[in-house]
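To start, the structure itself, in C-alpha cells.
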Amino acid sequence: MAKSPEVEHPQKVFGWAARDTSGVLSPFNFSRRHEIVGIVTEVGSKVTKFKVGDKAGVGCMVGSCRSCDNCAQDLENYCANQAILTYNGEYYDGTRTYGGYSNKLVVDEHFGINFPDNIPLDGAAPLLCAGITVYSPMKYYGLSKPGMHLGVVGLGGLGHVAVKFAKAFGLKVTVISTSISKKEEAIDRLGADNFLVSRDPDQMQAAVGTLDGIIDTVSAVHPLPPLISLLKTNGKLVMVGAPDKPLELPVFSLLMGRKLIGGSGIGGIKETQEMINFAAKHNITADIEVIPMDYVNTAMERLAKGDVKYRFVIDVGNTLKSS
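Now the structure itself:
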C-alpha cells in the first residue's frame with residue numbers, strides 16, 4: 001500500500017529523450033528516465049488528487065522543498081533548495097531516485113499529473129518533459145497570443161511539439177532548420193506556415209524583422225546573430241536547448257531593437273497540469289515510436305544518431321507481461 005500522501009501506479013510506458021543517453025555516465029550506470037505514465041492502483045489514506053483507476057503521469061521531478069519562494073509560486077522546477085529529479089536525483093534524506101525502469105512507482109501526489117481520459121498515454125508521455133519545456137516559455141514570455149508569428153529552431157523532439165502547441169495557440173509558425181529535407185515534414189504534416197533554411201543567407205535575409213519570438217530547441221552550438229536578426233522590435237529569443245559549450249552573446253544586436261534573450265527549463269507542477277489539459281483539449285501528442293524494453297540498447301544507438309521521429313516510448317507494461 002502506498003504511504004500517505006503518496007500514490008502508486010504501475011508503469012505503462014515512458015518517453016525517452018535524446019539527452020537520456022548521457023545517463024550511461026551516471027553513478028549508477030543506467031540510462032536516466034522521466035516522462036512516466038500509468039494507471040493508479042493504490043493511494044494513501046490522505047490522497048485527494050487521485051483515485052484508483054486514474055490515468056497519471058510523473059515528469060522530471062518527484063519532490064522539492066515546498067517552502068522556498070519559488071515553490072510557493074508553483075515554480076518547483078526552480079526550487080531554491082534544488083528540485084528532486086525523477087532519475088538520478090537525491091531526496092533530502094539521501095535516498096536516490098531511479099527513474100522509470102520499474103513495474104511500479106510510488107510518488108508524492110503533489111508531483112503527479114492527472115491525465116484526461118481522451119489523451120493516449122503513449123503519445124502524451126513525452127509531453128511531461130518536451131511538452132512543458134516549450135509550453136512554459138510560450139506562456140511566460142507572452143508568445144501564445146493568437147496572430148503572433150513564432151519561429152521554432154530545430155525540428156526534433158522539442159521542436160515538433162513546439163509547432164503543435166504554437167498552432168493550437170493560433171500562431172503563425174516558421175520552422176528554422178539547417179536541413180531542407182525537413183521542410184515537407186514541417187509544413188505538410190505538422191502544419192507550419194513557413195520554413196527557413198538557416199544556412200541559406202538569401203532566405204534568412206528575406207525574413208529579417210518578421211518574428212515576434214523564437215523558441216530555440218537546438219542543443220548544439222550555433223550562432224545567435226542570424227536568429228536575432230529575424231526578430232521584430234521587442235522580439236524575444238528563448239533558449240530551451242542546452243548546448244554543452246557557451247554561445248557568443250551579440251549584445252549590440254540586442255540593443256538595436258530592444259530585443260531579449262531568455263531561457264526556460266521545464267515548468268512547475270501546476271503549469272504542467274495546465275499543459276496536459278490543453279494538449280488533451282487540442283489533441284496534441286508527441287510523434288513516437290513504441291518499443292519493448294529489450295530494444296533499449298538498439299534504441300540508444302539509434303538515438304545517438306538522431307534516428308527517431310521524434311521520441312522513443314518504452315512499453316514497460318506489455319514487456320513485463322510477456323516476460
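Each residue of the sequence shown is one higher than the one before, starting from 1 at the first, in full-length UniProt numbering. Note that the Cβ used here is the ideal one computed from N, Cα and C, for glycine as well. Note that the coordinates shown come from a computational prediction; the quantities given were computed from them, not determined experimentally.
What is the DSSP secondary structure of E76, counted as helix, strand or coil? helix
Buried or exposed for V24, going by 16 or more other Cβ atoms inside 10 Å? Bear in mind that the predicted position of V24 carries a pLDDT of just 35, short of 50, making it unreliable; the figure below should be weighed with that in mind. V24 is exposed by the Cβ-count criterion.
S31 burial status per 10 Å Cβ neighbour count (16 or more: buried): At S31 the pLDDT is 34, less than 50, meaning the model places this residue with poor confidence; the figure from the coordinates comes in the next sentence. Answer is buried; the Cβ neighbour count reaches 16.
Backbone CA spacing between T178 and D93 [nearest angstrom]: Distance from the CA atom of T178 to the CA atom of D93, rounded to whole angstroms, is 46 Å.
Return the residue from the list G100, I214, N70 that minimises the CA-CA distance to N88. G100
Taking the CB atoms as reference points, tell me whether I266 and C65 lie closer together than 8 Å. no
Complete alpha helix (DSSP H) runs within the region 93-177 (minimum length 4 residues, chain order): Uninterrupted alpha helix (DSSP H) stretches at least 4 residues long and entirely within the region 93-177 occur at 121-124, 130-140, 157-168, given in chain order.
Quick one: is Y310 buried, meaning 16 or more other Cβ sit within 10 Å of its Cβ, or exposed? buried
Identify the continuous beta strand (DSSP E) that holds N277 and give its terminal residues. Run containing N277: none in the beta strand (DSSP E); it sits in the alpha helix (DSSP H), 269-281.
Roughly how many whole angstroms lie between the Cα atoms of A80 and A72? 11 Å
Would the region 150-164 and the region 208-222 be scored as touching if the rule is three or more Cβ pairs under 8 Å? yes
Let me make sure I understand the geometry here. Which of S229, L254, L260 has the alpha-carbon closest to that of M239? L260
What do you get for A206, buried or exposed, if any count of 16 or more other CB atoms within 10 angstroms of its CB means buried? exposed
Which residues DSSP lists as bridging Y87, in chain order: Y98
Determine the DSSP secondary structure at T298, reduced to helix, strand or coil. helix
Determine the extent of the beta strand (DSSP E) in which I36 is found, giving its start and end residues. 36-39
Taking DSSP as the reference, what is the three-state secondary structure of R199? coil
Just reading off the alpha helix (DSSP H) that F50 is part of, what are its end residues? It is not in any alpha helix (DSSP H) - F50 carries neither H nor E in the DSSP assignment.
Along the chain, which unbroken stretches of the alpha helix (DSSP H) at least 4 residues long are found entirely within the region 212-279? 225-228, 251-255
Return yes when the Cβ of I269 is within less than 8 Å of the Cβ of F165, no when it is not. no
Can you say whether S67 is buried or exposed, counting buried as having 16 or more other CB atoms within 10 angstroms of its CB? exposed
Using a Cβ-Cβ cutoff of less than 6 Å, which residues in the same chain neighbour G154 once the five nearest sequence positions on both sides are dropped? T217, V218
When you compare the CB positions of G262 and G235, do they come within less than 8 Å of one another, or not? no
Pull up the DSSP beta-bridge partners for E185, would you. Answer is none; E185 lacks a bridge partner.
Between the region 117-127 and the region 270-290, are three or more C-beta pairs nearer than 8 Å? Output reads yes: the region 270-290 touches the region 117-127.
Endpoints, the beta strand (DSSP E) within which V62 is located: Under the DSSP assignment, V62 falls in the beta strand (DSSP E) whose first and last residues are 61-63.
With V208 as the anchor, note down where its beta strand (DSSP E) starts and where it stops. Per DSSP, V208 belongs to no beta strand (DSSP E) and is neither H nor E.
Based on the DSSP output, what are the partners of V58 in its beta bridges? I36, G112
Which first and last residues belong to the beta strand (DSSP E) in which V290 is found? 288-291
Can you say whether P116 is buried or exposed, counting buried as having 16 or more other CB atoms within 10 angstroms of its CB? exposed
Report the partner residues of N194 according to the DSSP bridge assignment. T174
So, helix, strand or coil for K309, using DSSP? The three-state reading of DSSP puts K309 in coil, since its state is none of H, G, I, E or B.
Cβ neighbours of M204 in the same chain (closer than 6 Å, five flanking residues each side left out): P226
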